[in-house]
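Chains as they are written, first to last, in our numbering: chain A, 46 to 244; chain B, 198 to 474; chain C, 1088 to 1240; chain D, 702 to 817.
Worksheet: the structure to be examined is printed underneath.
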Amino acid sequence: MSLVNFTAREITCKIVYYGPGRSGKTSNLQYIYGRVPQDRRGKMVSLATASDRTLFFDFLPIDLGSISGFTTKFQLYTVPGQVYYNATRKLVLQGADGVVFVADSQARRFDENMESLQNLQENLLAEGTDIRDMPLVYQYNKQDLPADLIMSPSELDDALNFRSVRSFSSDCLHGSGVFETLKGVSELVLQKLAAGAPA
Amino acid sequence: MSEDIRVMTAQLAADPTSLVFLPLAEALRQRKLLDAARKVVLAGLSRYPELADAHNLYGRILGDHGDFEQAFDEWGIALRLDPDHAGAHKGIGFLYFVAGKLDQALEHLQAAQATLPDDEGVAAAMARVREALELDGSDPGAPSPTGPARVVEETEDITEQVFAGLEGAENGLLLVDQHGQRLGGGLLSPAGQNVADRVAAHLAGVSREATRAARLLEMGDWETVTVESDDGNLHLASPTADTVLLVVRPSAIPLGRLAALSERAASAARAWLESLT
Amino acid sequence: MRALEPWVEQPLMTFLTESEARLTLLMTSAGQVVAQHGFTRAVDIMSAAALGAAIVSSTEEMARVLGVRPFRALTHQGESHGIFLSAFETPRGRWIGLVVYGQDTSLGLVQLFFDRMVDELTQGVPAEGGTKQVLAQDFESELHSSLRALFGR
Amino acid sequence: MTALYLESLEGLTRLRGVAGAMVVSADDGLVVAESLMEGIPGDAVAALAASLMRRMGTTVSAAGFSRPSFMHLQAARGALLVVPAGPDILLIAIGDRHINLGLARIEMLQAAEQLG
């Protein structure tokens, strides 16, 4: 849950990048880390395996500056995508204010996207959260790959996006769509906050 | 008047709530326009009384003005608001250094260094204090090279007055205040070195620790702490609420006699402290 | 020292004075910072909190897998610094304390005064208020310009 | 090892005025073994006594003396006794005002020698 400090006028929100293994969650954070000026971000913490897969999580705090008179900070997390890391995924998901579901656009990865999405829904439910109440956006990554290998955004929307949440095409390695995705999820998270927060 | 001061003054005039008063006052201070700097920071403080940076800056302005007493107060306020404020620690460390209270100076400089590990000014100041501390400890005859001469004279007088006629008044009796400052007596190590000030600085901490242990274990006020070691025995008592008395004797002297001597020295200290008030 | 809510301040201040801890962080089990002392950069605090919460969560999970009771506290004794990490229940949910201490104190003292702070914190919790408006409804334009500035666009 | 500790501690707690005895690690002030009467807060005694002993040790060393072999804190309503047993271990006894100090000191020094 977002932490609001009325005395210091500060808001801190936790945003989790979710999705199957190798879909590009860490690349989102790495790109953001590279673009955001040093004085507005913390160190990027990565708990990864020797083969560079996320073992526990990646973590990047960024400082958005003042919004409506509140100093606003975002904590960006990724979860490990591999199926066998579900316990860790649950831990990272705890207390999330918003979720970016990063799907791999490659057609051969479709089942994994589906599985991961179901897993997200289950894990949220286990924490007592209905996925419909969670600020959520989709990101269809790797749209830069040859067209015969990937599904188009509209095909992916049809197949995965039953609830018609906002979706963004991206190529995280080169940065296209990363900013738009973060903007999209930020809006939803702050809209929820604007609608009323615990005093 | 330089351009940056002009710009910041205009900013502040347009928005009196702006925190630009801090860099503005600092710029004025650096140009030795101390009265103007003082006015700006006081106006800022009236709006932001809980801003440690502003109290720190006011402390610096007062310090530049030579008003060390008030500067000390302002840095004290800054530290109450932000116990890690490096600037305030630096300032207080400097004042302690000037007053010859080297241990306290070092303590505050260390605190400043913890926040600013790369600050060359702090490192240099610490080196100076350490050097002074070493001189102080190794040369018992000479007056403190850094402390005002008055302090040294006073200590000598006190020794005469407090423990006159008592056994070991110059080398095995020490009266210390709650800040670890030596009030009277002297102490030599078994090797004959003057260790009075060094030990005095530690005694305040021991006394606080004893008070805390007795309080938390619900044992009431502490009365004495006795320590035996191969080279000698130490006896610690608290003649008044804010002083500590240390008596040191070779281990051949029975602990009972140590306690009796401590008792006599404590009444002498009490009588002397009362005569001051 | 900074605390999110005023009632946390006094117990934390007593703990800091008595334990002589260098750094202290109180956070929710999700890694959100509730109070801190000794850190300089807000973003470093968030990293420490994220890692602290992760360590506690994963050791609790390990205890579950091993079929033992959850660990009361985790400690690491380095050459010049020690780290103490412990989770506790409050009426506001599960919180975690992360303490870094130096050689001027000891693990025993940190543990002793930490336990006392937890008692004070759990007794001193005021009732939670209702909901309160945080952001103006028109925050979007500010958010967009903040993000644009952040990304250099 | 723990059995040996407990035996020594129980011997100490039989002395007049002693309400508890414990073996404590010197550096971190944590309890290794204890024999306490009800109501004695073992953790607090261990942490506070070890901390006082450590500070006293620094003071004694600043005075140019060797490591303390015995420490006694006397307070209005109780007493704490501390004896190092080897480099990392302390033997601690807590008692009331009427503790038989002489006997307790000798017993503790003997026990410390055995344990060390």
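By construction, the Cβ of each residue, glycine as well, lies at the ideal position given by its N, Cα and C atoms.
Cβ-Cβ separation, residue j to residue i (assumed contact under 8 Å), whole Å
| i | j | result |
| --- | --- | --- |
| proline 387 of chain B | aspartate 439 of chain B | Actually they do not touch by this definition, with Cβ atoms about 30 Å apart. |
| serine 212 of chain A | valine 234 of chain A | In fact, because the Cβ distance is near 17 Å, the residues do not count as touching under 8 Å. |
| glycine 730 of chain D | serine 752 of chain D | 6 Å |
| cysteine 58 of chain A | glycine 143 of chain A | 7 Å |
| threonine 99 of chain A | proline 125 of chain A | 4 Å |
| aspartate 250 of chain B | arginine 226 of chain B | Wrong, their Cβ atoms sit about 13 Å apart, outside the cutoff. |
| leucine 1222 of chain C | alanine 239 of chain A | 4 Å |
| alanine 309 of chain B | glycine 290 of chain B | 6 Å |
| proline 788 of chain D | serine 426 of chain B | The pair is not a contact, with the Cβ atoms about 15 Å apart (cut-off 8 Å). |
| leucine 105 of chain A | isoleucine 77 of chain A | 6 Å |
| glutamine 151 of chain A | lysine 187 of chain A | 6 Å |
| leucine 372 of chain B | alanine 468 of chain B | With a Cβ gap of about 12 Å, leucine 372 of chain B and alanine 468 of chain B do not count as contacting. |
Residue(s) in a DSSP beta bridge with residue i
| i | result |
| --- | --- |
| serine 426 of chain B | B:Gly429, D:Pro769 |
| arginine 446 of chain B | B:Asn430 |
| asparagine 50 of chain A | A:Glu55 |
| glutamate 1176 of chain C | C:Arg1181 |
| leucine 384 of chain B | B:Gly369 |
| serine 91 of chain A | A:Asp103 |
| serine 216 of chain A | Reading off the sequence, residue 216 of chain A comes out as aspartate, not serine. DSSP output for aspartate 216 of chain A lists A:Ser221 as bridge partner(s). |
| leucine 292 of chain B | None; leucine 292 of chain B has no bridge partner. |
| arginine 1089 of chain C | C:Gln1123 |
| asparagine 391 of chain B | B:Leu385 |
| methionine 1114 of chain C | C:Val1120, C:Ile1183 |
Helix, strand or coil at residue i according to DSSP, with G and I counted as helix
| i | result |
| --- | --- |
| glutamate 808 of chain D | helix |
| threonine 437 of chain B | coil |
| aspartate 203 of chain A | helix |
| proline 106 of chain A | strand |
| histidine 262 of chain B | coil |
| threonine 408 of chain B | helix |
| tyrosine 245 of chain B | coil |
| threonine 421 of chain B | strand |
| lysine 70 of chain A | helix |
| arginine 1240 of chain C | coil |
| valine 310 of chain B | In the sequence as displayed, the identity of residue 310 of chain B is glutamine instead of valine. Correct three-state label for glutamine 310 of chain B: helix. |
| arginine 1128 of chain C | coil |
| alanine 286 of chain B | One detail in the question is off: residue 286 of chain B reads as histidine in this sequence, not alanine. Reduced to three states, the DSSP call for histidine 286 of chain B is helix. |
| leucine 1194 of chain C | helix |
| leucine 190 of chain A | coil |
| isoleucine 355 of chain B | Legend: pLDDT at isoleucine 355 of chain B = 49, less than 50; position of this residue unreliable, value from coordinates given subsequently. Three-state result, isoleucine 355 of chain B: helix. |
| lysine 118 of chain A | strand |
| glutamine 127 of chain A | coil |
| alanine 148 of chain A | strand |
| histidine 399 of chain B | helix |
| glycine 79 of chain A | helix |
| arginine 379 of chain B | strand |
| serine 1134 of chain C | helix |
| serine 199 of chain B | coil |
| arginine 211 of chain A | coil |
| histidine 1163 of chain C | strand |
| isoleucine 1142 of chain C | helix |
| arginine 86 of chain A | strand |
| glutamate 1096 of chain C | helix |
| methionine 416 of chain B | coil |
| glutamine 208 of chain B | helix |
| valine 1212 of chain C | coil |
Should the stretch 199 to 208 of chain B be called in touch with the stretch 224 to 243 of chain A, which here means at least 3 C-beta pairs below 8 Å?
no
Hey, is the stretch 446 to 464 of chain B in contact with the stretch 407 to 418 of chain B, meaning 3+ C-beta pairs nearer than 8 Å?
no
Let me know the beta strand (DSSP E) ranges lying completely inside the stretch 715 to 794 of chain D, each 3 residues or longer, listed in chain order.
Qualifying beta strand (DSSP E) stretches, in chain order: 719 to 726, 732 to 737, 769 to 776, 779 to 785.
If we count Cβ pairs, one from each stretch, closer than 8 Å, do we get three or more for the stretch 161 to 176 of chain A versus the stretch 130 to 141 of chain A?
yes
Are three or more beta carbon pairs between the stretch 806 to 814 of chain D and the stretch 782 to 792 of chain D nearer than 8 Å?
With contact defined as three or more Cβ pairs closer than 8 Å, the stretch 806 to 814 of chain D and the stretch 782 to 792 of chain D are in contact.
Do the stretch 1110 to 1122 of chain C and the stretch 391 to 406 of chain B meet, that is, are 3 or more Cβ pairs less than 8 Å apart?
no
Contact between the stretch 1195 to 1207 of chain C and the stretch 744 to 758 of chain D: three or more CB pairs below 8 Å?
yes
Kindly confirm or deny that the stretch 82 to 92 of chain A and the stretch 1203 to 1211 of chain C touch, where touching means at least three C-beta pairs closer than 8 Å.
no
Below 8 Å, can you find three or more Cβ-Cβ pairs linking the stretch 1090 to 1105 of chain C to the stretch 378 to 386 of chain B?
no
For the 8 Å Cβ check, are there 3 or more pairs between the stretch 706 to 713 of chain D and the stretch 769 to 778 of chain D?
Too few Cβ pairs lie closer than 8 Å, so no.
Would you say the stretch 716 to 725 of chain D touches the stretch 1175 to 1192 of chain C, given that touching needs at least three Cβ pairs under 8 Å?
no
Evaluate contact between the stretch 1135 to 1148 of chain C and the stretch 1118 to 1127 of chain C, counting only Cβ atoms and requiring at least three cross-stretch pairs below 8 Å.
At 8 Å Cβ cutoff, the stretches touch.
Is the stretch 252 to 260 of chain B touching the stretch 276 to 288 of chain B in the sense that three or more CB pairs, one from each, lie closer than 8 Å?
yes
Can you list, in chain order, the stretches of the alpha helix (DSSP H) that have 4 or more residues and sit fully within the stretch 151 to 180 of chain A?
155 to 171
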